[in-house]
Structure formats: structure tokens, C-alpha cells
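Step one of this worksheet: look at the structure below.
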Amino acid sequence: MDNPLCALLFAEDLVESILKKSGIEWEVQKEGVRYLREHIKKERLTYEIVEGVYALMVLEWRTICYCYTQLISKGVDNTFDYNYETVITTIHYFNTGYDSVKYLKMCALLCGLTLLYFQEKDKVMSNEIAHASCEMLAYIINLYMFQMQFNAKEDWFVLSWTAQVIRRKIKNKQPIPTKNDFDTKFTFRDEPKQKGTS
Numbered sequence: 001m002d003n004p005l006c007a008l009l010f011a012e013d014l015v016e017s018i019l020k021k022s023g024i025e026w027e028v029q030k031e032g033v034r035y036l037r038e039h040i041k042k043e044r045l046t047y048e049i050v051e052g053v054y055a056l057m058v059l060e061w062r063t064i065c066y067c068y069t070q071l072i073s074k075g076v077d078n079t080f081d082y083n084y085e086t087v088i089t090t091i092h093y094f095n096t097g098y099d100s101v102k103y104l105k106m107c108a109l110l111c112g113l114t115l116l117y118f119q120e121k122d123k124v125m126s127n128e129i130a131h132a133s134c135e136m137l138a139y140i141i142n143l144y145m146f147q148m149q150f151n152a153k154e155d156w157f158v159l160s161w162t163a164q165v166i167r168r169k170i171k172n173k174q175p176i177p178t179k180n181d182f183d184t185k186f187t188f189r190d191e192p193k194q195k196g197t198s
């Protein structure tokens, strides 16, 4: 089993990368889990995951904005309420268990909500929301690792690979998978047809 801190570092790095890509500098606390980075042998976040989550966030931006307005209309202006809403959403969304496509979509949702809080609310609250989003994303990975639905030796790679597939599909304006039941043929271009074949 992977060190549970790996998932939190992954989530912090992901949220920080998405915010930076969106023009927001997030001052992640250098104490706490961050100072332990030197003891974690391998970083889990890849370029493919950042690009895949960002592409999903852009693709689903209207939905994310709608979710944000729903949170604001409910009076979600503190991390306690935000955590409650994300926990309820996560329970319903992952009702059939872990799936890399669903996890990447959840990453896009929480990163997008965090971005909107940074754009619309004060910095102190936005920092707290960013940390709450990271904690939820880490919790999901650690929960499914504990339940043996997420294998740390294989599924970090699968997550990166899935993000790459999703990014390519979005770029090529193809429908993205709804769950992780696709096979490797989707990652490659169609073979050119031979002359004389249909």
C-alpha cells in the first residue's frame, strides 16, 4: 500500500498546477505535508494528468459554474459546509466504487470550484477551500486504496494513461468515456485503410 501522504501531495500538486495554469498563484503551505516531500520517493502527478484534468475542467466549465452558483445560493461560504457538500457529492458519484474516469472528472470539478472561489471570494477563504478540495481528492484515493480498489503499483499509471486518453478525445472532439471500460485501441489513431478494402 502507498503512503497516504502521497495522495495528499498529489492532490496539492494538482490543484496548484491547475490554478497556476488558470493564472492564479496559490501559496501552498510549505510546512505540514509539503516538507515531507523529500521522503516520498516518487511524485504521482504527471503532465498528462494536469492536462487531462484541465481539458475536462474547460469542457465542463458551464456545469462547474452551475455547481458553484448552487453552492453560493445554499450559503456555502466556509470549509465546513464545503466539505459537507463535497462528501455528499462524492458518496453519490462513486456509488459503484472507484473508477479513474470518474476520479478525473471529480478532480476537474473540485479544481474548477476552487478556481471560482479564488476568482470570486477573499484569499483566506479561497485558500481554505483549496485545502479542502485537496483533502477530498486525497481521501478518495486513500479510501479506495484501503478498500483495495486502487492499486498503488498500477493505478497511478492507469490514472495518467486515462487522463491522456481523455485529453486526446476532447482535443479531437470525440465523446469521452463515462467510465474506465475502454481498451487501448482508443489511444491510437485508426489504421489507414488498405487500397481495395472497405
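Under UniProt numbering, the first residue of the sequence shown carries the number 1, and numbering increases by one thereafter.
Glycine included, each C-beta is placed from N, C-alpha and C at the ideal position.
Leaving out five residues before and five after residue i in sequence, what residues of the same chain have Cβ atoms less than 6 Å from its Cβ?
{"i": "V50", "result": "S17"}
{"i": "I170", "result": "A55 and L59"}
{"i": "Y139", "result": "none"}
{"i": "R167", "result": "E51, G52 and A55"}
{"i": "S160", "result": "T46, E48 and I49"}
{"i": "E120", "result": "none"}
Please list, in chain order, all residues of the same chain as residue i whose beta carbon is under 7 Å from its beta carbon, the five residues on each side excluded.
{"i": "N142", "result": "P4 and A7"}
{"i": "C107", "result": "L14, V53 and L137"}
{"i": "S126", "result": "Y117 and F118"}
{"i": "I129", "result": "T79, Y82, T114 and Y117"}
{"i": "P177", "result": "V101"}
{"i": "N172", "result": "none"}
Please return the same chain residues whose Cβ sits closer than 8 Å to the Cβ of residue i, not counting the five positions on each side in sequence.
{"i": "F150", "result": "Y98, I141 and Y144"}
{"i": "A132", "result": "T79, Y82, N83 and T86"}
For residue i, count neighbouring Cβ atoms within 10 angstroms of its own Cβ and tell me buried if that reaches 16, exposed if not.
{"i": "residue 211", "result": "Since the first residue of the chain shown is 1 and the last is 198, residue 211 is not available in this structure."}
{"i": "K179", "result": "exposed"}
{"i": "T96", "result": "exposed"}
{"i": "D2", "result": "buried"}
{"i": "K105", "result": "buried"}
{"i": "E154", "result": "exposed"}
{"i": "V124", "result": "exposed"}
{"i": "E12", "result": "buried"}
Compute the distance between the beta-carbons of residue i and residue j, then report whether it is under 8 Å.
{"i": "A152", "j": "E48", "result": "no"}
{"i": "W156", "j": "R62", "result": "no"}
{"i": "L19", "j": "T90", "result": "no"}
If we ignore side chains and look at the alpha-carbon of each, how far apart do residue i and residue j end up?
{"i": "C65", "j": "F10", "result": "24 Å"}
{"i": "I24", "j": "C111", "result": "12 Å"}
{"i": "Q174", "j": "V158", "result": "20 Å"}
{"i": "I72", "j": "L116", "result": "11 Å"}
{"i": "Y103", "j": "Q147", "result": "15 Å"}
{"i": "K21", "j": "E135", "result": "21 Å"}
{"i": "D77", "j": "W26", "result": "19 Å"}
{"i": "H92", "j": "D122", "result": "30 Å"}
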